[in-house]
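Chains as they are written, first to last, in the working numbering: chain A, 45 to 316; chain B, -13 to 251.
Yeah, the Cβ is synthetic: ideal placement off N, Cα and C, and Gly gets one too.
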Amino acid sequence: MIILTVRTFSLLSFEYATEGIRSMITAQIEVSGLAKRLGSVEAVRDVSFVAAPGRVTGLLGPNGAGKSTTMRMLLGLTRPDAGTALVGGRRYRDLADPTGTVGAVLDLAGAHPAMTARGHLRSYCALGAHHVERVEQVAELTGISEYLDRRVGSYSTGMRQRLALATALLGDPRVLVLDEPSNGLDPAGIVWLRTFLRGFAANGGTVLLSSHVLTELQHGIDDLVLIDRGRTTWTGPLAEFTERGTSLEAAFLDLTSAATASVISDTEGIRA
Amino acid sequence: MIRLLRGEFTKLLATRLPLWTLVSAALCGGGLTGLLALIGPENATPPLPGLDTPEGVGIVVGMSGLLLFVPALIGTIAVTGEYRHRTIGTTFLTVPKRGRVLAAKLVVFGALGAVYGLVSSLFAGLAVVAGAAARGSELGVPLGDLAALLARLALAAAVYMVLGVAIGALARNQLLAVGIVLGYFYFLEHVLMIVPGVNVIHPFLPGGATAALTDFTFLSDAIAEQLPIAAASTTTPLVGALVLLGYAALAAWLAIAIPLRRDLR
């Protein structure tokens, strides 16, 4: 009996210790020289950036700039033709506990319409070897607790986004990668998401999110990665970007597709 | 691997697929066999051997082998559903070693196929016994022989579901995969059966192997009677079983190996 008690105690203290260490583990995203050809299109030519722990990094670019392809290469869903994409110094597929390290919300992330949200979350909880209690916890975090037993087919787009985020959080990851996460969210949902991501980063988490909507990122990010026609055209703190004297919108248009040849050479100058 | 099996099993139970599997197994097993047994094979046009002969029982029970495309389709639809509903991305994010995901799916659906086969055979057995009793005729084979035949049909159902899963994993597009399954089992294999010269390979095609496994030569004999060609031969049940398992192994290997390098867009 006494032995049993001691064991329980040591187990608890061990868990506490690992929890303590865990909250200090941070992982940086490092993308370097990524390139990918999809059929005849050079979707990504040369994308390089770093997303640091404790910061929210926004990947901004017009439609077709290569944001989603970059994210898929980062997550091991698509093989790069050249370059590397690492999380905490490793390729995604080499991570010991992938969903315990990175949580991802992609436009690929669907759900079977005949499943309840609980069934969906339980399935991925089992597949990722996470504790089944996480199902209730992530539902609480993303505000879908009340709808857990409804079939996903009856969910609105906004609810699906929340379910996708809940799925990404099952492994209690230190890194979040989100592709256009605001799609389908109402204004209150967007504010909620922004607050959530800020809190996640404030706790030492790394957040990388993409958007083609400039104003969406304006208030929610620390660092900006501009990407256009498969190339990174600007990286750095958002504050530096807006300090360039022009409005964010004008700078964005300067640096993306609307740019003339002279502006592009100007851009190269800024990057250098 | 255990957690992957648990994960895939949890996923399967979260859908209505197990229910539909049981319902279709009962209908396919009991329905067709029951109908034939009640009508009586001797009343068919042309008349077939009655239920009081071993041949009659073989034909009535073996007919349900023609419905083996059903377990194949269940496997196909389940796997392509992951692509259709875009859950495959989340699945591969959770388990980046894709070969393991497919291996787990093949095991889980092999088990579901066995359940399908057992339920289908149970209902087919009950239907043929009840049909013979209702018509007041003796069953042409001992119950032990009937059970052995039904067990072989159950094995075939499990193999077909694995084949269906593999075809689905390779084709990915649900419509395309369903088209391949139906087109092959309903059309291509029957065409191959009647082409002189080509039909010597029939015993080694999935349908021919199934016919050998279940001693069901009714179709090939009927075709041979109508056409001036030699009947497509069949091998022994054991060779049939080995050929079928070989197809399942080949399909499983392809389904595990090929998706590894494919890009998910």
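Proximity to residue i [Cα-Cα], best of the options
i	options	result
A/ALA87	A/GLU74, A/GLN72, A/SER255, A/MET117	A/MET117
A/LEU207	A/ASP138, A/ASP272, A/GLY163	A/GLY163
B/GLY67	B/THR80, B/VAL81, B/GLU124, B/VAL151	B/VAL151
B/LEU168	B/ASP38, B/MET49, B/ALA120, B/ILE63	B/ILE63
A/LYS111	A/LEU222, A/LEU282, A/ILE73	A/LEU222
B/HIS176	B/GLY165, B/LEU191, B/LEU162	B/LEU191
B/VAL105	B/ALA89, B/LEU136, B/ALA116	B/LEU136
B/SER266	B/PRO245, B/GLY193, B/THR222	This structure cannot settle anything about residue 266 of chain B, because the visible part of chain B is limited to -13 through 251.
A/PHE285	A/PRO97, A/ALA212, A/ARG81, A/GLY102	A/GLY102
A/PRO281	A/GLY228, A/ARG275, A/LEU268	A/LEU268
B/ASP131	B/VAL164, B/ALA241, B/THR39	B/THR39
A/ILE271	A/VAL257, A/HIS263, A/ALA283, A/SER226	A/VAL257
A/GLY202	A/TRP236, A/ALA95, A/ILE73	A/TRP236
A/ASP216	A/THR279, A/GLU287, A/GLY154, A/VAL176	A/VAL176
B/SER123	B/THR200, B/LEU18, B/ILE25	B/ILE25
A/ALA79	A/VAL100, A/ALA129, A/ALA96, A/THR211	A/ALA129
A/ARG319	A/ALA71, A/ARG81, A/THR70	No answer is possible for residue 319 of chain A: the residues shown for chain A start at 45 and end at 316.
A/ILE73	A/GLN262, A/GLY249, A/TRP278	A/GLY249
B/LYS(-3)	B/ALA119, B/THR73, B/ALA113, B/ALA100	B/THR73
B/TRP6	B/TYR102, B/ALA90, B/ALA243, B/VAL94	B/TYR102
B/LEU162	B/GLY16, B/LEU246, B/LEU59	B/LEU59
Through-space distance from residue j to residue i, alpha-carbon basis
i	j	result
A/TYR168	B/ALA155	19 Å
B/GLY85	B/GLY96	16 Å
A/THR143	B/LEU178	48 Å
A/ASP230	A/VAL75	32 Å
A/ASP298	A/THR114	22 Å
A/ARG66	A/GLY147	At A/ARG66 the pLDDT is 46, less than 50, meaning the model places this residue with poor confidence and gives no usable figure here.
A/ARG178	A/LEU165	9 Å
B/ALA144	B/GLY117	26 Å
B/LEU125	B/LEU224	25 Å
B/LEU(-10)	B/LEU230	26 Å
A/MET68	A/LEU213	For A/MET68, the predicted model reports a pLDDT of 42, less than 50, meaning its position is unreliable and no value from the coordinates is stated.
B/LEU53	B/ALA142	11 Å
B/ASP249	B/ALA241	15 Å
B/VAL186	B/LEU139	23 Å
Beta carbon proximity, residue i to chain B, threshold 8 Å
i	result
A/GLY120	yes
A/TYR199	no
A/PRO217	no
A/SER76	no
A/TYR168	yes
A/TYR191	no
A/GLY144	no
A/LEU150	yes
A/HIS164	yes
A/MET159	yes
Residue i at chain A interface by Cβ criterion, 8 Å
i	result
B/THR(-4)	yes
B/PHE78	yes
B/HIS71	yes
B/LEU5	no
B/PRO128	no
B/LEU(-10)	yes
B/PRO245	no
N-terminal and C-terminal residue of the beta strand (DSSP E) that residue i is part of
i	result
A/GLY133	Here A/GLY133 belongs to no beta strand (DSSP E), and DSSP marks it neither H nor E.
A/LEU268	267 to 272
A/THR250	250 to 255
B/LEU136	Note, B/LEU136: premise wrong, no beta strand (DSSP E); alpha helix (DSSP H) at 129 to 157.
A/LEU222	219 to 223
Bounding residues of the alpha helix (DSSP H) (the contiguous stretch that carries residue i)
i	result
B/THR77	74 to 80
A/GLU284	282 to 286
A/GLY98	Looking at the DSSP string, A/GLY98 is not in any alpha helix (DSSP H), and its letter there is neither H nor E.
B/VAL225	223 to 243
A/GLU320	For residue 320 of chain A there is no data in the structure shown, the boundaries of chain A being 45 and 316.
B/LEU117	First, the residue type needs correcting, since residue 117 of chain B is Gly and not Leu in the sequence shown. 84 to 120 is the span of the alpha helix (DSSP H), which, as asked, contains B/GLY117.
B/VAL47	40 to 48
Legend entry - Sufficient close CB pairs (3 or more, under 8 Å) joining the region -1 to 16 of chain B to the region 106 to 118 of chain B: When C-beta atoms of the region -1 to 16 of chain B are compared with those of the region 106 to 118 of chain B, three or more pairs fall below 8 Å, so the two segments count as touching.
Inset, instruction - State whether the region 72 to 92 of chain B contacts the region 120 to 138 of chain A, with contact taken as three or more CB pairs (one from each stretch) at a distance under 8 Å. - result: In short, these stretches touch, since the Cβ pair count reaches three.
Legend entry - Segment contact, 8 Å Cβ cut-off, at least three pairs: the region 44 to 61 of chain B with the region 95 to 115 of chain A: Under the three-pair Cβ rule at 8 Å, the region 44 to 61 of chain B does not count as touching the region 95 to 115 of chain A.
Legend entry - Three CB pairs or more closer than 8 Å across the region 179 to 190 of chain A and the region 201 to 221 of chain A: Touching, yes, given that three or more Cβ pairs across the two stretches are closer than 8 Å.
Inset, instruction - Count the CB pairs spanning the region 143 to 150 of chain B and the region 231 to 240 of chain B that are closer than 8 Å, and state whether there are at least three. - result: Yes: at least three Cβ pairs fall under 8 Å.
Inset, instruction - Would you check if there are 3 or more beta carbon pairs closer than 8 Å linking the region 211 to 227 of chain A to the region 249 to 262 of chain A? - result: Note that the region 211 to 227 of chain A touches the region 249 to 262 of chain A; at least 3 beta-carbon pairs, one per stretch, sit closer than 8 Å.
Legend entry - Touching by the beta-carbon criterion (3+ pairs, under 8 Å), the region 121 to 133 of chain A and the region 193 to 203 of chain A: Contact annotation: the region 121 to 133 of chain A does not touch the region 193 to 203 of chain A, with fewer than three C-beta pairs closer than 8 Å.
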